[in-house]
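Worksheet for the structure shown next.
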Amino acid sequence: MSKIVSALNGAKFDGFASIREIGPVGMITLRAKPDVVGLAEAVTAVTGTPLPALRRIEIAGDKAAGWMSPDEYLIVVPYAEVAGALAVLAEKLAGQHHLAVDVSDARAVFRIEGDKAVEVLQKLAPVDHATLEPGELRRTRIAQVAGAFWADDKGYTLVCFRSVAAYVMGLLTHSAQSGSELF
Amino acid sequence: MLILECPYCGVKAEETELTPGYEAHLKRFGPGSSDEDFENYMFARKNPKGVHFERWRHAYGCGKWFLAARCTATLEVFGTYPAQTSEPPAEIVAKIKAKRPDWKGYK
Amino acid sequence: MKRYSVFAIAREALRYHQGWDKAWASPAPKSSYDVIIVGAGGHGLATAYYLGKNFGITNVAVIEKGWLGGGNTGRNTTIIRSNYLQDPSAAIYEKARSLYEDLSQDINYNVMFSPRGLLMLAQTHHEVRGYLRTVHANNLQGVKTEWIGPEKVKELVPIINIDGPRYPVLGALYQARGGTARHDAVAWGYARACSAMGMDIIQQCEVTGVRSEGGKVVGVDTTKGYIGTKKLGIVVAGHSGQVADMAGFRLPVEAVALQALVSEPIKPCMDVVVMANTVHGYMSQSDKGEMVIGGGTDGFNNFTQRGSFHHIEETLRALVETFPMISRLKMLRQWGGIVDMTGDRSPIISKTPLGNCFINCGWGTGGFKAIPGSGWAMAELMAKGEPGPLAAEFNMWRFREGQFIDESVAAGVAH
Amino acid sequence: MSSRLAKGGRLIDRTTACEFSFNGKRLKGYKGDTLAAALLANDQMLVGRSFKYHRPRGIVGSGAEEPNALVNMGTGGRFEPNQRTTTTELFDGLTSTSQNHWPSLEFDIGVVNNYAARFLPAGFYYKTFIHPRFAWKHVFEPIVRQSAGLGQVPKERDADRYEQAYAFCDLLIVGGGIAGLQAALTAAKAGKRIWLVEQTAHWGGRAVVDGVEIEGQPAEVWVNATLAALSKMENVTIRNRCMAAGSYDHGYVLADEKVADHTPGDGRPRHRLWRIRAGQIVTATGAIERPLSFAGNDIPGVMLAGAVRDYVINFGVAPGDRTVVVTNNDDAYRTAIALKEAGLEVPVILDARANLTGELPAKARAMGIRVEAGKGIAKVKGGKRVTSVAICAQAGQGAVLEEISCDAVAMSGGWSPVVHLWSHCGGKLNWDTAKAHFAPDPARPPLNHDGSALVVTAGSASGHLLADEVLADATRAVGGEGAPSAKVPHEAPIEAVWVMPQGAPVELRAKMWLDYQNDVKVSDVQLAAREGYTSVEHTKRYTTLGMATDQGKLSNINGLAILADSLSTAIPQVGTTTFRPPYTPVTIGALAGEARGEIFQPLRRTPVYDWHMAQNAYMEPVGLWRRPYCYPRAGETHEQAVHREVLNTRTNVGLLDASTLGKIIVKGPDAGKFLDMLYTNVMSNLGIGKCRYGLMCNEQGFLSDDGVVARIDEDTWLCHTTSGGADRIHAWMEDWLQCEWWDWQVYTANVTEQYAQFAVVGPKARKLLEKLGGMDVSKETLPFMQWADGVLGGFRVRAYRISFSGELSYEIAVPASEGRAFWDALVAAGAEFGLMPYGTEGLHIMRAEKGFIMIGDETDGTVIPQDLNLGWAISKKKADYLGKRGQERPYLASPDRWKLVGLETLDGSVIQDGAYAPAPGFNANGQRNTQGRVTSTYYSPTLKRGIAMGLVKGGLSRIGEVIEMTKLDGSTQQVRICDPVFYDKEGEKQNV
Ligand SMILES: Cc1cc2nc3c(=O)[nH]c(=O)nc-3n(C[C@H](O)[C@H](O)[C@H](O)COP(=O)(O)OP(=O)(O)OC[C@H]3O[C@@H](n4cnc5c(N)ncnc54)[C@H](O)[C@@H]3O)c2cc1C
Ligand SMILES: NC(=O)c1ccc[n+]([C@@H]2O[C@H](COP(=O)([O-])OP(=O)(O)OC[C@H]3O[C@@H](n4cnc5c(N)ncnc54)[C@H](O)[C@@H]3O)[C@@H](O)[C@H]2O)c1
Ligand SMILES: Cc1cc2nc3c(=O)[nH]c(=O)nc-3n(C[C@H](O)[C@H](O)[C@H](O)COP(=O)(O)O)c2cc1C
Ligand SMILES: [Zn+2]
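As structure tokens, then:
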């Protein structure tokens, strides 16, 4: 599928942390209240993870399910598996009030890695990293745009809207320049 | 630079993650309503120098609208609660009364 | 009252300025007045002044809870212009601007009106069209404005970056006789002139209640006691909601913080006033040399006279893009004022549901420029009991009827 | 003569010399010097000129309080005016020039103001320059302005970069003196998350200079040990060169870290602005010494006693060979002792107090220093530097008792706690008569979001001046116990002295400076009081006291004391002026942060953005998007390009990147009901597979957005919005769903960016799509106002038959990731059909030719759909929709409203943008009456003449009438009212 190109076609920058635009990553916005019958099963069926609790993201290999709001989840699957996942959700949630849409192409995804990766985010988002719990998905502001990120042992995955990918790359590049380490 | 705790996701959000929405608990008046009711709904504002009930949206976070009781003179926040509430919750009212004995009440 | 002039200064200099009188008297309140104005900001004082000057009504008290001129009049970025789009606005702002032209002579106090020219940058095609519309409208309204191209902008403002990559300057709406004045002097000069007519300016006196009988106002309670009056003018800007509440009615007004800042002073580098609405920033250089910069408003009710800092940052970002040289200047001081924003962002000069009680408010982020015109119109309203043509459309019932005076339509803001 | 001492200097490294220049002179200093220290070491006493009178100005202080010693620093992209030499760390190659004089520092023409000073008292300009009227703007103001302003204007773009960062802590401790260190250590041990910031490069504050002993050792030992302990603690972050600029509501503090000011060009960001959110703020910001008001107290060589001591001890610099000390408190004796110990002369200590009982005066006497009690300075003599002082009794009127030659004067009027960060958010002060200063009132602190104290103070910032009390207070401030012990000599009480001598006559008072930079004297404050500017805020503004770049750190308290005296009232009755951030000025670049150039603002790009740029498209901002306005070819003007694009679209096929169009999915059992409330027309009955144009109004009734709605399935709709409207409309939907109709079952999702969407427009559009192949795009299968999913050229697409141009037109959506590839495929396949891309201007012209309205052109927030003849899109059946009640208000329902018409000039020319139609007569305000205005006006390349739309009173009922429209030159032109549809009125072309 060579005609499928992520927002920045894999742009990279190496400063005191390394920045990579990755993707395309398959993403689904799933809107449903947690009490919808069969919701947890449906989510597990597509991601292999439990339904995430408040502000959590549950990760299983290249799939994940994140809590976005009291009636919204983020489903992450490989790009090619989105259509299948949507079909499974439609089937499992049939008859229940919900909305599931493909947003894979509406997003840009970055990896921020390195010992001081957190410092890149500390320059851009009004977030107290010390209060984040493991597996927390934080939706916030990245300088002047909306974004969300979560951590794993190698670094951070940051998601923003596709149209501002270049802006976010600019922010990350500015922030990760060698010589501007915070601590 | 305020911080308000979003009652939906529990994030202590700073003001730049929120969008403000002015007075809360307005009752909508549509077709058929009197001129006065409609005018009051659209324009007349309590605008108190003191305890104010107001709307905020956790725009950069979970996207939900919530309500806050906040003093416009000291910026003290007495509490936040979901937007799906027709009147200020009793415990917030009690807290305000305890702290501001001369407060005339929500109406 | 001693006349101010260069000769008076010279005379006084010889005796180390020991002989100057008080600029205004500070009397205790009398038991009653023909007219009480609440609020000794520019608008309140100008109302009193024109009541005396135009209608001979001088048994007037202006009651101020703090120090006169300490409200928004003492904390604004002093921009004066009349290039408004809608007829009622253009009329009152142009009236004010033309009164500013010889206000110093009129009140014998140099308010340093400086018609140095004002331009509003157009940085999108949409803005170009909006400002062209304003020029056409202004021509019919008798307001002198013109459209100028980017080269002329650069000539007037050498420090501007007209081909910024993001929002190149496509031209500007130019009002050659817009400019600035010394804000404090406007309040002080009017106060001195009112005092000279025998009016009482009573400072450190807060109005705490409005009393009425038979639907008509009879007096006010204050921190210095009850004072009777035949007519009451409420001219308290950010506190309009509070005083209206005392008088028993509600207004379409929210009080929010608006901020401003100054840089450290530098040698003169920008003679005109520049407003850049696409990026939300405006700037002028004061006679002392600081760059005077206006910030944004908070979106929430706030009576603290200080706003949230991110508005200052947003403004400065915009201005660094537009004027790259300011990056290495320093912010010296920031402050805020409480502005009264109405439902259509235009002011109210109106009778009220309470008899003989009048209100002048809602000037929001842009009423300094209006002070003489507003005072003139409010004095007429209070003296005659009915609005004259300047005030007529600014009545408070326009919201119910849907007759907005909406200035935001021309891509403009109201500073 | 000021000079470098042979020995001493805690902070300098005599092995590392730094060369620098001042006014072109090449001078030498050491690493560790401040620029001020290095200037003094080179006997550069005169460093600038004052603001108003251009009086010679020398260094008075040694830190943030300095009002005088400001210079232009650096060159080119690193040039900076008003740099404070006392806080500037010296580096090799530093260049500086003095400010505010012409032609030179030594000989300054502006000094005539000084000789005319009597004629230029406070507020003189309010009283003069009134006549003749034009003279203010054209004669006087230019003169006033020319002499105003301090530093030079930077000419070049800033060469440095800045960044910002967020930090969070339980306690932010501001100030790295012994109070700050002790508070930090105490709180850190209690497990709190701590930030400790210090504005200078050094730790320990005053105690290390003052010879304080802590736990039996020199303070420096304790400071180093404490710092070392703190550095090891995980829960502590320590920053020096980091000034807390302001404390804001809810514990937000801005701190400006000067990362690379002392190492310019080393590649690091120059400043880093920390946005710290603290649970609580501890200000351990110390105290600032006050000058004394005696005649000639502004002559270079007159310095603060504490500063003199700093120069000797920290930098090994002697401000003078013979220094007279003048004081009203014991602390200044430390300076005399330090000078004496450094081998310098102290001819006399003048103490305004009659009885000297403290240990320090005794020690000074014991060292052989002459101490005069009850004495003061009648007058300092000298011009560009001090030559002598005339001594008098403090009690009298200044009769000179003796004249003592000297080259420096060290003065101390007592110490005022630094309360800026305490006061800004509302902390209140008490006047402490015994200590003669304002100190924070712990009972009235500024409040935090939960109503608790936002700030607590520690050490001298609380008003404690003795080291043992300072340490105890700092410990207590953070809830600790058991402070380290400090040995301090007993100090006798201060005696407030506001003028020296007490009964100074006006000639002397006119020579006593309060505000050195702005030239405000004791006599000016007294004049303000005499003239009724009696509120301290009036006095400030009338005299400009405290409004200079030091913000009155030295002058405010002295000034308000003079005011209180003039009004015969007490100091607390007068009160202070408002403390406002920043504590010391902050570089604007640092406040703007990273947001410059490329990342000034987000610039939203469609998937085809790079292609547009590669074609040299002329781009225009649409919200934060950037869209091609047109694609000029070599040698073409923008206008020519636009016309070519329009004609080609009308005859062949055009291609538009419409990806920015808002796309919102609305789904749920109540979605139809919801959309019927949102749109003025009915959407619930739209057939699946069909499209319908809809209008949205705000609650006032004014038109706010429009777009095509497509019914996707039983309970799903897709709403298109304008490019600028997507986020706003999505938020608007959520607002109603969350706050008003929260029991309705509806979900929304903004999928704007999921799709690249292209309009394929023109008579050959279908042929082009058929060439790509994969789905049936015939009139029969995909008629006008329908949509279908399918495959085109191998791409998964959704094709809509909608038209904003009047041509046969398809809007085709593909996933954004395939957008560019699909665009390329269209361009390649289109070549044989003459395909050309067109931009927003072509789009606008074509819609105007068809009489379609454009949100933002035909609407401006005051227009209702009825004004635009869109009544057909307003359901009469619906009981309610957003805006319906608003539209019922009298003014909106009035038949007199201006309504949409077409407009054409009689000669085919183009009506000017923004033109108005005057009506006969004038209104009550003398303004010309009007009857309409143009809303869109273009040259139509299709019709080869000007076309326009406008709002005119009477609307379409006046078709055929000729009216006037304004031109910018003041003339008018004749215009005929016509049908707004200029092209293909029957709609035959789009329906094929
Ligand atoms: C930061 C900022 C920048 C601005 N920039 C501009 C600009 O560039 N150009 C422009 O034209 N306008 C500008 N404005 C707006 C302008 O300052 C105001 O519109 C104008 O000054 C209002 O004047 P006023 O007399 O109505 O109100 P104020 O000057 O605020 O006076 C009202 C007075 O009423 C007193 N008062 C209130 N309640 C009571 C009571 N109960 N009893 C007694 N007295 C009471 C207050 O103490 C106050 O002194 C700006 C405003 C701000 C805050
Ligand atoms: N005896 C007297 O008359 C007298 C008078 C004043 C001070 N003192 C002595 O001074 C010492 C006071 O100790 P302390 O720790 O309270 O004060 P300090 O003055 O020693 O330390 C305050 C520190 O705070 C820093 N600071 C101030 N504002 C700041 C800001 N906004 N951001 C960052 N840093 C800032 C200063 O640079 C300084 O290093 C004691 O030794 C005391 O005895 C004595
Ligand atoms: C046009 C204008 C210019 C100003 N210039 C200065 C200045 O040069 N120095 C200064 O300290 N403050 C300046 N100020 C700010 C005032 O000191 C003060 O902050 C403002 O009037 C608000 O009052 P407050 O801070 O006492 O609340 C200026 C204010 C205005 C409105
Ligand atoms: Zn939330």
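Residue numbers (the working numbering), protein chains in the order written: chain Y, 7 to 189; chain E, 646 to 752; chain C, 2 to 416; chain H, 2 to 993.
Where is the CB? At the ideal position from N, CA and C, for every residue including glycine.
Residue i and residue j look like a contact to me (Cβ under 8 Å); what is the Cβ gap, rounded to whole Å?
i	j	result
Asp-299/C	His-281/C	About 14 Å separates the two Cβ atoms, so there is no contact after all.
Cys-206/C	Lys-96/C	Not confirmed; about 30 Å, so no contact.
Thr-540/H	Ala-529/H	4 Å
Leu-793/H	Leu-773/H	5 Å
Val-798/H	Ile-666/H	Not really, about 17 Å apart at Cβ, beyond 8 Å.
For the beta strand (DSSP E) containing residue i, list its first residue and its last residue.
i	result
Ile-81/Y	78-83
Cys-362/C	358-362
Gly-282/C	282-286
Gly-377/H	376-383
Residue i: which of the options sits nearest, CA to CA?
i	options	result
Leu-333/C	Gly-377/H, Asn-329/H, Leu-466/H and Arg-85/H	Arg-85/H
Gln-147/H	Phe-125/H, Phe-135/H and His-102/H	His-102/H
Phe-120/H	Ser-524/H, Arg-542/H and Glu-214/H	Ser-524/H
Met-855/H	Leu-696/H, Lys-986/H and Lys-945/H	Leu-696/H
Ser-424/H	Val-283/H, Leu-361/H, Gly-480/H and Val-390/H	Val-283/H
Ser-347/C	Val-61/C, Tyr-85/C and Asn-55/C	Tyr-85/C
Pro-490/H	Asp-728/H, Ala-591/H, Leu-466/H and Ser-895/H	Leu-466/H
Pro-733/E	Phe-683/E, Asp-682/E, Phe-711/E and Glu-659/E	Phe-711/E
Looking at the unbroken alpha helix (DSSP H) that takes in residue i, where does it start and where does it end?
i	result
Thr-48/C	43-56
Thr-324/H	Run containing Thr-324/H: none in the alpha helix (DSSP H); it sits in the beta strand (DSSP E), 324-328.
Tyr-610/H	610-615
Cys-740/H	727-740
Glu-472/H	The sequence given here has Leu at residue 472/H, not Glu. Counting along the chain, the alpha helix (DSSP H) containing Leu-472/H begins and ends at 468-478.
Original post:
Between the stretch 648-663 of chain E and chain C, which residues of the former have a C-beta closer than 7 Å to a C-beta of the latter?
Top reply: Cβ contacts with chain C: Glu-660 and Thr-661.
Original post:
Using a Cβ cut-off of 9 Å, which residues of the stretch 17-37 of chain Y contact any Cβ in chain H, in chain order?
Top reply: When C-beta distances to chain H are compared with 9 Å, the residues of the stretch 17-37 of chain Y below that value are Gly-29, Pro-30, Thr-35 and Arg-37, in chain order.
**OP:** Scan the stretch 571-596 of chain H for residues whose Cβ lies nearer than 8 Å to a Cβ of chain C and list them as they occur along the chain.
**Re:** Thr-579, Arg-581, Pro-582, Pro-583, Pro-586, Val-587, Thr-588, Ile-589, Gly-590, Leu-592, Ala-593, Gly-594 and Ala-596
**OP:** Would you check if there are 3 or more beta carbon pairs closer than 8 Å linking the stretch 900-911 of chain H to the stretch 970-981 of chain H?
**Re:** yes
Original post:
Of the residues that make up the stretch 703-722 of chain E, which ones have a beta carbon closer than 7 Å to any beta carbon in chain C?
Top reply: Thr-717, Ala-718 and Leu-720
Subject >> Touch test, the stretch 168-184 of chain H against the stretch 213-230 of chain H, Cβ-Cβ under 8 Å, three pairs minimum >> reply: Judged by pairs of C-beta atoms under 8 Å, the stretch 168-184 of chain H touches the stretch 213-230 of chain H, as three or more such pairs exist.
Subject >> Members of the stretch 288-315 of chain C near chain E, C-beta cut-off 8 Å >> reply: Asp-299, Gly-300, Phe-301, Asn-302, Asn-303, Phe-304, Thr-305, Ser-309, Phe-310 and His-311
Subject >> Contact the stretch 125-141 of chain H vs the stretch 156-163 of chain H: 3+ CB pairs below 8 Å >> reply: By the Cβ criterion, the stretch 125-141 of chain H is not in contact with the stretch 156-163 of chain H, since fewer than three pairs of Cβ atoms, one from each stretch, lie closer than 8 Å.
**OP:** With 7 Å as the limit, tell me which residues of the stretch 134-164 of chain Y have their beta carbon closer than that to any beta carbon of chain E; keep them in chain order.
**Re:** Arg-145, Thr-146, Arg-147 and Ala-152
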